[in-house]
Each structure stands twice: as C-alpha cells, then as structure tokens.
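Below is one structure, written out as structure tokens; the observations come after it.
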Amino acid sequence: MILKLCPPSWSFLFLTLAFCAPAYAFKLSTEGTAMERKLSRMNSGFFDKLLSGAALKGLPLFTEAVHEEITQRIYGCEGDTNHCQDADLGMASPYVIAGVRWNDDPPFRLLPDQAKNLSCKTDETVRFITQPKCWAGLFWDAEKKAKSGVTMDASNGYSMLHRSHFGDLQFLHAMASKDGEAPEVTRKKILMWAEFSWRIALREYGLDTRLRDVKIEGFSEHFGKTEWNVQDLFTLGNVALRRNIDEVAFGSLLHVVEDSFASGHVERSEPVYGKQCNGSGSLFKPGSITQFHAYGNQDTDLHAQADSGGALNYARAASQGGIIEVGRNLVAMLDKNLPWDSVKPYLECVFELKDSATPASAGSAFHKVN
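For the sequence shown, the positions run -25 to -1, 1 to 345 when mature numbering (1 follows the signal peptide of the UniProt record, and there is no 0) is used.
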C-alpha cells in the first residue's frame, strides 16, 4: 500500500489532530514510561517542549494519563489523581502499563514506498514516542480515509495504526468497526482478543507463536495473512518487553476492558445492585451492554470530552461491577493461573449483551449533526 499524501506543515498537522477523535477511549500520558523514554532515546524535556507549543495542545489521544491511572488503581493505588496517574508509580508493573498503552500505540514499520512524503524512518519502528511526526502524519491520513469511507483491514496493507484506530481492529478499544455491525459480532471479536491475550499471559503462546497459527475462531480474519509472531506484534523494536510478554498481553486485555466502560464506546445499562455473574462465586455483574458505538458518524468534540479524565466517575468506577473491580478480579484470576475456560464465563458476563441490544451506531449522545 502506498500512501500518497500532501504533506501538511507540522503545526497544521497537530492542529488538525486536535479536532479528530479516533476510536480510542480514556487518554494516555504523552511521555509514556521511563522505560519507553530510555529505549526511544527521548526525555521529558523533549515532550515538554512539544507540549508547550500551541500546535500540540489539544492532541486528543496523548494528553492525560487516564488509562495509566485506572490501571494503577486496579493494582491498588488509593492516592489522589496526581499520584495514581504516575505511569512509573510501580503498583502496576511497567510491562503491564506498556501493554495498556499498546492498544493505542502498537509498533510497526513502513516499507520504503509507504508515506514517502512524511517524516518517517522506514528502518525504525514507528510509535508515537519514537517517531511522533511520522505517527501524527499517518494518524492524520487514517482519519481522513475513515471519514471518506475507506476500509482499512488486513486485506489492503494498512498499518497497525490505521487499523487499530480506524479500521478492523477497533475491537481493541471495545468498539464496532462500522455502523450497523451486530453487537454479537463486536462482542465475539472482543472475546477472541481476550482469549488470545489471556493465553499469552499464561504463556501458552510464546514469543515465537506465529499469528497465522493461532487457532482461535475469528483470529485469522485479522492476523492470518501476516508472517508476524507474538514477539513482532507486541514488542517490535522493544527488546526490553520480551521477557515479560505475559504482562504486556495482560495489559492489552485490561485496556479493552477499561475502554468498554467509556460512554463514547459502549452504552451500558445501570448495573443491578447485588447482581452477580452466574457461576462466578461472588463476582458482581457490570451493567449489560445495550450498544457498541462506531466512530464514523460521531461528533468528534463530544467523543473527546467523554475520553477525558473529567468524564471518569471514580465513585462509579470503584463500585460494584465498575472498571476497577472488574480489573482487580482479572488480576486475581491471573494470580491463580486460571485457565481460559475458567475465565471465559466471567468475561462473557462483563461483556454480556442486553436482550434488546441494537446494532452499532454513533450513539444518541454522540451523533454528529450535519
């Protein structure tokens, strides 16, 4: 795939991105973790300089450490927001945090004839923290293509960034890939990824497991054409993560679960107080899903507001069936090394569809008014 782009200016590019909200939910820290900065040879001053410029202010994805905070709270942080937003706090390991960040910033490389008009190094891995100008340019291109109805999936050679934010991999954010997608289809993709990541967390799949050899229903549709293995998918260009690939994969699963409680992505009914998941012992049931949202026809400003830290109700997040409780239940299950067959019923409960669940749409509260 050759991306033929008219190269925007650096300032215009980020101003454009400030008004483009892709398929992601709670936001991420701009700087990443200390480990990421060390590996990418970047430092806090570099990103401080970018953030101090008007062009980068308002970038919707990398502005707040909301995902990091939720994850640190899942692992026991009880401090205030500033304390728990520290990606290097240590409650959750840096490898889990890296996995949580992976869904929004998966690593990939470009062929020499791809995005030749942008500031991209094709011999280096592309991630926001390693090649921010290249990353932003590709993001801008993907947003434009999505708005014009271009399909970005495994069959047409688009990058992981295109596909994960605007294409067939939007289930990584608990979101449908398009309006009208049946809720059962979106749910099946989410549970597919949950099984894949859980099996890596248990080290049933290793770094050398080829993606095309993974025997999970539906997986080959998204990854069957690639020659990648698990190591390539999660740790391309990042050797430091490989020894702890189990934690990285678990972090990716947590990201999906966290996103499923973002109102711009999923509409849930109010949980019934005291209601428990069948066969779970004493685990409380989150509100059932009434609709998975799709980004295409959403109002970008409203979507962005729902992704902010201010939109996260921490009292609700910590309540019965809330994000934090669900995350802690999954951590406890992993600590016990429970097999997928034992974990699956709980995740099926977390992503249970209401009988009246409807096909994906922008959502009534997020619909774009023309």
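Just so you know, even glycine gets a beta-carbon here, dropped at the ideal spot from N, CA and C.
Q) Would you call the CB atoms of L230 and H268 closer than 8 Å? A) Translated into positions along the sequence shown, residue 230 becomes position 255. Translated into positions along the sequence shown, residue 268 becomes position 293. The sequence given here places His at residue 230; Leu does not occur at that position. No, they are not a contact pair.
Q. For N204, which beta-bridge partners are listed by DSSP?
A. Stepping through the sequence shown from its first residue, residue 204 is reached at position 229. Its beta-bridge partners are R185.
Q | Local Cβ density within 10 Å of E242, reported as buried at 16 or more and exposed below that | A | Counting from 1 along the sequence shown, the entry for residue 242 is found at position 267. That one is buried.
Q.
Considering only the alpha carbon of each residue, which of W203, P81, I104, K108 lies closest to N92?
A. As a position in the sequence shown, residue 92 is number 117, starting the count at 1. Nearest option by C-alpha distance: K108.
Q: Can you tell me which of S331, A335, D316 puts its alpha carbon nearest to the alpha carbon of F171?
A: One-based indexing of the sequence shown puts residue 171 at position 196. The candidate whose alpha carbon is nearest that of F171 is D316.
(Q) I'd like to confirm the pairing. Which residues does DSSP put opposite H268 in its beta bridges? (A) Taking the first residue of the sequence shown as position 1, residue 268 is located at position 293. S336, per the DSSP bridge assignment.
Q.
I need the boundaries of the beta strand (DSSP E) containing V241, first residue and last residue.
A. What you label residue 241 is simply residue 266 of the sequence shown in a count that begins at 1. Run containing V241: 241 to 243, per the beta strand (DSSP E) assignment.
Q: Could you please give the first and the last residue of the uninterrupted alpha helix (DSSP H) stretch that includes F114?
A: Translated into positions along the sequence shown, residue 114 becomes position 139. Taken as a continuous stretch (DSSP letters only), the alpha helix (DSSP H) holding F114 covers 107 to 122.
Q. In its own chain, which residues sit with a C-beta less than 6 Å from the C-beta of C(-20), not counting the 5 before and 5 after it?
A. The residue you call residue -20 lines up with position 6 of the sequence shown. Residue placement at C(-20) is poorly supported in this model, since its pLDDT is 36, which falls under 50; the coordinates are not used for a value here.
Q) Between the C-alpha atoms of K329 and C252, what's the straight-line distance to the nearest angstrom? A) As a position in the sequence shown, residue 329 is number 354, starting the count at 1. As a position in the sequence shown, residue 252 is number 277, starting the count at 1. K329 and C252: Cα-Cα distance of roughly 14 Å.
(Q) For F198 and D188, I'd like the C-alpha separation in whole angstroms. (A) Translated into the one-based positions of the sequence shown, residue 198 becomes position 223. Translated into the one-based positions of the sequence shown, residue 188 becomes position 213. In a straight line, the C-alpha of F198 is about 9 Å away from that of D188.
Q: Report all residues from its chain with a CB closer than 8 Å to the CB of N304; omit the five preceding and five following residues, and keep chain order.
A: If you number the sequence shown from 1, residue 304 lands on position 329. Answer for N304: L258, Y321, listed in chain order.
Q) Ordered along the chain, which non-local residues of its own chain (more than five positions away) have a Cβ less than 8 Å from that of W77? A) Here residue 77 refers to the residue found at position 102 of the sequence shown. Closer than 8 Å at Cβ, skipping near neighbours: F209, V223, G226, S227, H230.
Q) Per DSSP, what kind of secondary structure is Q145 in: helix, strand or coil? A) Position 170 of the sequence shown, counted from the start, is the residue given in the question as residue 145. In this structure, Q145 counts as helix in the three-state DSSP scheme.
**Q.** Among R102, R162, E233, G155, the one whose alpha carbon lies nearest that of N213
**A.** In the sequence shown, residue 213 corresponds to position 238, counting from 1. The shortest Cα separation from N213 among R102, R162, E233, G155 belongs to R102.
Q. Can you name the start and end residues of the alpha helix (DSSP H) that N253 belongs to?
A. Taking the sequence shown and counting its residues from 1, one reaches residue 253 at position 278. That residue, N253, is in no alpha helix (DSSP H); it is neither H nor E in DSSP.
Q. With DSSP run on the structure shown, which of helix, strand or coil describes F236?
A. Numbered from its first residue, the sequence shown carries residue 236 at position 261. Looking at F236 - three-state DSSP - the assignment turns out to be coil, as it is neither helix nor strand.
Q. Tell me which same chain residues have a C-beta within less than 8 Å of the C-beta of Q206, skipping the five on either side of it?
A. Looking up residue 206 in the sequence shown gives position 231. Same-chain partners within the cutoff: L182, D183, R217, I220.
Q. In or out: Y180 buried (at least 16 other Cβ within 10 Å) or exposed?
A. To locate residue 180, count along the sequence shown from 1; it is residue 205. The residue in question, Y180, is buried, as its Cβ has 16 or more Cβ neighbours within 10 Å.
(Q) Excluding the 5 residues flanking G262 on each side, which residues of the same chain have their C-beta closer than 6 Å to its C-beta? (A) Counting from 1 along the sequence shown, the entry for residue 262 is found at position 287. Answer for G262: R243, S244, E245, P246, listed in chain order.
Q: Count the other C-beta atoms from every protein chain shown that fall within 10 angstroms of the C-beta of L86, then say buried if there are 16 or more, exposed otherwise.
A: As a working note, residue 86 is residue 111 in the sequence shown. Exposed is the call here.
Q. With which residues is L328 paired in a DSSP beta bridge?
A. Taking the sequence shown and counting its residues from 1, one reaches residue 328 at position 353. Its beta-bridge partners are I264.
Q) How about A40 and A62: do their beta carbons lie closer than 8 Å? A) Here the question's residue 40 lines up with position 65 in the sequence shown. Here the question's residue 62 lines up with position 87 in the sequence shown. Yes, they are a contact pair.
(Q) Quick check: the Cα distance between Q106 and P82, rounded to an integer number of angstroms? (A) As a working mapping, residue 106 is identified with position 131 in the sequence shown. As a working mapping, residue 82 is identified with position 107 in the sequence shown. Taking the straight line joining both Cα atoms gives about 11 Å.
Q) Where does N18 sit, in a helix, a strand or coil, going by DSSP? A) As a position in the sequence shown, residue 18 is number 43, starting the count at 1. Any reading at N18 must be qualified, since the residue scores a pLDDT of 47, below 50, and its modelled position is unreliable; the value itself is stated next. Note: N18 maps to coil in three-state DSSP.
Q | Residue from S339, M167, S294, G249 with nearest C-alpha to H326 | A | As a first step, residue 326 must be located in the sequence shown, where it is residue number 351. The amino acid occupying residue 326 in the given sequence is Phe; His does not appear at that position. Of the candidates S339, M167, S294, G249, the one whose C-alpha sits nearest the C-alpha of F326 is M167.
Q) Per DSSP, what kind of secondary structure is F259 in: helix, strand or coil? A) Taking the sequence shown and counting its residues from 1, one reaches residue 259 at position 284. Looking at F259 - three-state DSSP - the assignment turns out to be strand.
**Q.** Helix, strand or coil at F171 [DSSP, three-state]
**A.** Along the sequence shown, one-based indexing puts residue 171 at 196. Helix at F171.
Q | Straight-line Cα distance separating K119 from G33 | A | Against the sequence shown, residue 33 aligns to sequence position 58. Against the sequence shown, residue 119 aligns to sequence position 144. Note that G33 has pLDDT 41, beneath the 50 cutoff, so the model's placement of it is unreliable and the number below is only indicative. If I take the Cα positions, the gap works out to 18 Å.
Q: Mind reading off the beta-carbon distance from L136 to A111? Whole number of angstroms is fine, and I expect it under 8 Å.
A: Position 161 of the sequence shown, counted from the start, is the residue given in the question as residue 136. Position 136 of the sequence shown, counted from the start, is the residue given in the question as residue 111. At roughly 10 Å, the Cβ-Cβ gap does not stay under 8 Å, so L136 and A111 are not in contact.
Q.
If distances are taken between C-alpha atoms only, which option among M308, Y248, M150 comes closest to D234?
A. The residue labelled residue 234 in the question sits at position 259 within the sequence shown. The shortest C-alpha separation from D234 is found at M150.
Q: Can you tell me which of the three DSSP states S101 falls into?
A: Here the question's residue 101 lines up with position 126 in the sequence shown. In the sequence as displayed, the identity of residue 101 is Val instead of Ser. V101: strand per DSSP, three-state reduction.
Q: Take the Cβ of Y248 as the centre, count every other Cβ of all protein chains shown within 10 Å, and call the residue buried at 16 or more, exposed below.
A: Stepping through the sequence shown from its first residue, residue 248 is reached at position 273. Exposed: under 16 other Cβ atoms inside 10 Å.
Q. Which residue's Cα is closest to the Cα of G124: G132, F141, S195?
A. Here residue 124 refers to the residue found at position 149 when the sequence shown is read from its first residue. Nearest option by C-alpha distance: F141.
**Q.** Three-state class that DSSP yields for F83 in the structure shown
**A.** Within the sequence shown, numbered from 1, the residue matching residue 83 stands at position 108. Note: F83 maps to strand in three-state DSSP.
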